[in-house]
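Taken in order, the sequence shown gives residues 2 to 271; the numbers are from the numbering used here.
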Amino acid sequence: MHFVRVNNSKETVRIFDAHAHLQDLRFGSAAMDVIQRASAAGVSNISCCGTGENDWYIVAEIAKKHECITPSFGIHPWYVHERSEKWQKTLAGYLAEFPCSGVGEVGLDGRKNREHLAEQLECLDAQMEIAVSLNRPISLHCLGCWEPLVELLRKFSRRNLKFMVHSYSGSAELVKIICGLGGYLSFSASITHRNRKKAISALTAVPLDRLLIESDAPDLPPASTAPDTVNEPSFILETVKAASFYLDISFEELCKITFDNGQRFFKGES
Ligand SMILES: [Zn+2]
């Protein structure tokens with residue numbers, strides 16, 4: 002495995018991984034080792050997002066054991082049709098149990114599970130309502146469905162919805178609209194791969210105080226890893242390094258900026 006090292010740096014870096022799924026079954030009982038490797042690499046905070054009623058309890062268990070985890074609970078657009086009748090009650094229970102938790106991963110996907118797009122919209126609207134009413138940050142997934150997303154964001158931003166779009170894949174023009182509505186944008190290892198002109202032009206359009214970096218582990222491993230690698234938060238250094246190159250700021254400075262942004266977004270701390 003290839004790691005990016007911070008050469009000649011005596012500074013200790015702290016990295017905020019703004020989006021991961023440590024509850025994923027691909028980690029299983031290795032989640033604790035994965036968190037330890039992350040911590041050794043300087044990743045001191047990880048936002049761990051649930052995807053549905055079936056995995057919220059694992060997110061909760063991980064968050065109870067590890068202080069570095071900021072949990073979020075939500076129904077992912079791929080699983081909206083699997084939700085039970087009591088999903089809102091169960092969600093409210095987890096959000097109450099973890100006062101610092103967010104709502105996520107939620108959103109819209111116009112490519113996968115498109116046949117349930119109406120349910121995706123209904124479920125996202127309900128989860129934005131919950132996030133606004135409890136003043137919790139919301140972590141959004143959006144693929145090929147930007148217009149209806151922006152419409153919902155316009156509706157809820159009037160009520161101060163705190164939101165971030167994870168693994169941003171939209172255009173640089175849309176960056177302005179999203180930031181204008183108060184949003185944060187998070188970038189994954191897709192910027193470490195070749196031919197990512199669109200992602201890089203979006204990255205360089207984001208105001209630095211709205212920028213987040215994420216692993217999206219166990220998905221989206223960085224370019225230097227072997228095919229089919231299970232991604233983990235410690236690999237995020239490669240993404241930070243690539244982003245610092247494109248943004249023309251130092252690795253250490255970008256770590257600090259994105260760490261502070263993560264603290265502000267997820268924990269209300271500046
Ligand atoms: Zn995700």
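Where a beta carbon is used, it is the ideal one built from N, C-alpha and C, also for glycine.
Problem set entry | THR52 and HIS77 closer than 9 Å at C-beta | THR52 places its beta carbon less than 9 Å from that of HIS77.
For this session: Work out the CA separation of LYS87 and GLU215 for me, nearest whole Å.
Result: GLU215 and LYS87 have their C-alpha atoms roughly 31 Å apart.
Exercise. For PRO234, which residues of its own chain have a beta-carbon under 6 Å away from its beta-carbon, when the five flanking residues on both sides are left out?
Worked result: Excluding residues up to 5 positions away in sequence, ASP18, ALA21, ALA39, VAL44, ILE47, SER216, ALA218 lie with their Cβ nearer than 6 Å to the Cβ of PRO234 in the same chain.
For this session: Using the DSSP secondary-structure output, state which residues sit across from SER187 in a beta bridge.
Result: According to DSSP, which records beta bridges pairwise, SER187 is partnered with LEU213.
Exercise. Is it the case that the Cβ atoms of VAL104 and SER140 are separated by a distance below 9 Å?
Worked result: Yes, they are a contact pair.
For this session: Between the Cα of ASP25 and those of ARG15, VAL14, TRP57, spot the shortest distance and give me the residue it belongs to.
Result: Measuring C-alpha to C-alpha distances from ASP25 to each of ARG15, VAL14, TRP57 identifies TRP57 as the nearest.
Problem set entry | Where HIS20 sits in the DSSP three-state scheme | In the structure shown, HIS20 sits in a strand (DSSP, three-state: E or B).
Exercise. Count the other CB atoms within 10 Å of the CB of LEU92; is the residue buried (16 or more) or exposed (fewer)?
Worked result: That one is buried.
For this session: Go ahead and pull the three-state DSSP assignment for PRO72.
Result: Of the three classes helix, strand and coil, the one that applies to PRO72 here is strand, per DSSP.
For this session: Give the secondary structure of VAL231 by DSSP, where H, G and I count as helix, E and B as strand, and everything else as coil.
Result: Looking at VAL231 - three-state DSSP - the assignment turns out to be coil, as it is neither helix nor strand.
Exercise. Which two residues bound the contiguous alpha helix (DSSP H) that contains CYS124?
Worked result: Annotation: the continuous alpha helix (DSSP H) that includes CYS124 extends over 118 to 135.
For this session: Examine ligand 1 and report whether any of its heavy atoms sits within less than 8 Å of the Cβ of HIS67.
Result: Checking every heavy atom of ligand 1 against the Cβ of HIS67, none is found closer than 8 Å.
For this session: Return yes when the C-beta of GLU233 is under 8 Å from any heavy atom of ligand 3, and no when it is not.
Result: Of the ligands this structure carries, namely ligand 1, none is ligand 3.
Problem set entry | Helix, strand or coil at GLU54 [DSSP, three-state] | Correct three-state label for GLU54: coil.
For this session: Give every residue of the same chain whose Cβ lies closer than 7 Å to the Cβ of LYS90, excluding the five residues on either side of it in the sequence, and list them in chain order.
Result: Setting aside the 5 residues that flank it on each side, LYS90 has no residue in the same chain whose C-beta is closer than 7 Å to its C-beta.
For this session: Could you tell me if the beta carbon of SER170 falls within a distance shorter than 8 Å of some heavy atom in ligand 1?
Result: Outside the cutoff, so no.
Exercise. Between PHE28, LEU154, THR71, LYS66, which lies nearest to GLY1 when the distance is taken from Cα to Cα?
Worked result: Coverage of the chain is limited to positions 2 through 271, which leaves residue 1 absent and any answer about it impossible.
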